[in-house]
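Reading the sequence shown from the start, the letters are residues 181 to 544 in the numbering used here.
First up is the structure itself, then whatever we jot down about it.
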Amino acid sequence: MGTGRWRQIAESLRVQIEEGSWRPGDRLPSEAELAQRWGVSRMTVQRAMHELQRLGLVHRRRRAGTVVTSPSVRRRAGCVALLAHHSQDRLEMAYLRGIHMGLQEELHLIVCDTQGDPEREAHYLRRMAKETDGIILFPTCDPENTPLLLRLVEARTPLVCIDRYPEGVPVDAFVTDNYQSTLEALRYVISQGGHPLAHLSHPDLYISTVRERYQAYLDAMQEAGSTPPERWVRWIPGVPPYYEPYLASIVADTLIALRCDTPSLRGVFCVNDRYLIATLEACERLNLSAPEDLQILSFQDSISLLPRMAQRIHRLVQQPLELGRRAAERLRSLLEGHVSEPAVVRVPAQFYPAVSDATSVEGG
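Pasting the structure below:
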């Protein structure tokens, strides 16, 4: 069978729709019927249907099949949406550059700022599913949006997640290998005498990044014999999307309590930049030096540190350019009708260990 067979089917149906043989609201024949009519496999028909859906000529309805859309609601071909948490965030801007690298020039990108709010996310998901060809999503991972995401997947909306992946949703996702990268970094810190160490995070374990980093912490501490590791975990809820100075006071009080309970505490693992900055300021208030008094490990993506300070902490740095490019390339493949089992692709974070004598190393 020629590779252009699905294009012939899509073109034939497109002409019939535009000439009025199929009117808005009409249901097209089933995939099985079309496959028999054209003498092809159902996979070939699926690719043709994906093309019609990409052009906005049809949409899938649960239990109703493939239905012709009204011209007034047809999406703009050649347009994809990026649903970001905070469109000016440094990490997400780096993802955006990677996405532009992976998209074809003829594809236009619309950026929607969900602000990490599940309601805004649901609003933009519904809207962009109708108005664009496909979606790249920084998911909130909030369980309340799981049914909506499942409906979009069932309707075969071209959808790719990035940075995180929603639990229980069969969707392509391109993420950092949070568990393995964290585990290996923690093993290094522990080998340098940095244990027991505390873990500062927020309690939303439905977020894949938070959950995987937490699990790596538990496993690393148990390997080192520091048990039960939960005694050194501190959840700090309600942390804003950008660093606020009051966090330093919370972390300072937390460190005082932890060191009082465990005088031998030698390290802190911060889930992200905001906790890192708060920890650095808290250490300054408490006259603690890193890494001599306290070894600090953190993901560091959205903030810039002076080189001398950066070299005094253990840093895990994600690879947003590669993740963004690969996510965009996968979306392009979906738009072209290439169907495959959805997969979560994990890319290791880069690890930069701390050095005691920061004057001997350059860079950051």
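Quick reminder that beta carbons are idealized off the backbone N, C-alpha and C, glycines included.
The structure displayed is predicted, hence computed values, not measured ones.
Rounded distance between the beta-carbons of residue j and residue i, thought under 8 Å
| i | j | result |
| --- | --- | --- |
| residue 302 | residue 332 | Actually they are not in contact, since the Cβ atoms of residue 302 and residue 332 sit about 11 Å apart, beyond 8 Å. |
| residue 278 | residue 501 | 4 Å |
| residue 457 | residue 416 | Not confirmed; about 13 Å, so no contact. |
| residue 322 | residue 394 | Going by Cβ atoms, the distance from residue 322 to residue 394 rounds to 18 Å, so no, they are not a contact pair. |
| residue 260 | residue 313 | 6 Å |
| residue 546 | residue 239 | Outside the displayed range of the chain (181 to 544) lies residue 546, so it cannot be described from this structure. |
| residue 509 | residue 258 | Residue 509 to residue 258, Cβ: 16 Å. No contact. |
Rounded straight-line distance, which links the Cα of residue j to that of residue i
| i | j | result |
| --- | --- | --- |
| residue 433 | residue 425 | 14 Å |
| residue 262 | residue 368 | 36 Å |
| residue 316 | residue 270 | 18 Å |
| residue 507 | residue 440 | 46 Å |
| residue 487 | residue 515 | 43 Å |
| residue 337 | residue 404 | 46 Å |
| residue 430 | residue 289 | 40 Å |
| residue 325 | residue 304 | 12 Å |
| residue 420 | residue 428 | 13 Å |
| residue 460 | residue 237 | 55 Å |
| residue 192 | residue 287 | 24 Å |
| residue 524 | residue 342 | 9 Å |
| residue 381 | residue 469 | 21 Å |
| residue 529 | residue 504 | 14 Å |
| residue 234 | residue 526 | 28 Å |
| residue 522 | residue 210 | 23 Å |
| residue 540 | residue 474 | Its pLDDT being 40, under 50, residue 540 is placed unreliably in this model, and the coordinates cannot settle the point. |
| residue 306 | residue 463 | 45 Å |
| residue 438 | residue 444 | 10 Å |
| residue 249 | residue 208 | 11 Å |
| residue 361 | residue 379 | 16 Å |
| residue 218 | residue 274 | 45 Å |
Same chain, Cβ closer than 8 Å to residue i, five either side skipped, listed in chain order
| i | result |
| --- | --- |
| residue 466 | 432, 435 and 436 |
| residue 480 | 453, 456, 490, 493, 495, 496 and 497 |
| residue 329 | 305, 319, 339, 346, 349 and 351 |
| residue 391 | 385 |
| residue 375 | 369, 401, 404, 406, 446 and 447 |
Own chain partners of residue i with C-beta closer than 7 Å, once the 5 adjacent residues on each side are dropped
| i | result |
| --- | --- |
| residue 365 | 477, 494, 496 and 531 |
| residue 373 | 446 |
| residue 409 | 397, 398, 401 and 402 |
| residue 226 | 211 and 519 |
Proximity of residue i and residue j at Cβ, strictly below 8 Å
| i | j | result |
| --- | --- | --- |
| residue 352 | residue 340 | yes |
| residue 517 | residue 202 | no |
| residue 221 | residue 215 | yes |
| residue 448 | residue 377 | yes |
| residue 318 | residue 344 | yes |
| residue 205 | residue 247 | yes |
| residue 413 | residue 388 | no |
Spatial neighbours of residue i in its chain, beta-carbon cut-off 6 Å, leaving aside the 5 residues before and after
| i | result |
| --- | --- |
| residue 520 | none |
| residue 231 | 190 and 517 |
| residue 534 | 471, 492, 493 and 494 |
| residue 423 | 454 and 457 |
- Query: At what residue ranges does the segment 396-447 contain a whole run of the alpha helix (DSSP H), taking only runs of 4 or more?
  - Reply: 426-441
- Going along the chain, which unbroken runs of the beta strand (DSSP E) with 3 or more residues stay wholly within the segment 202-282? 238-241, 245-248 and 259-264
- Query: Which runs of the alpha helix (DSSP H) spanning at least 4 residues fall entirely within the segment 460-536, listed in chain order?
  - Reply: 487-490 and 500-515
- Message: At 4 residues or longer, what runs of the alpha helix (DSSP H) sit wholly inside the segment 342-405?
- Response: Runs of alpha helix (DSSP H) with 4 or more residues, each lying fully within the segment 342-405, are found at 358-371 and 388-403, listed in chain order.
- Query: At which residue ranges does the segment 287-351 contain complete alpha helix (DSSP H) runs of 4 or more residues, listed in the order of the chain?
  - Reply: 298-311 and 326-334
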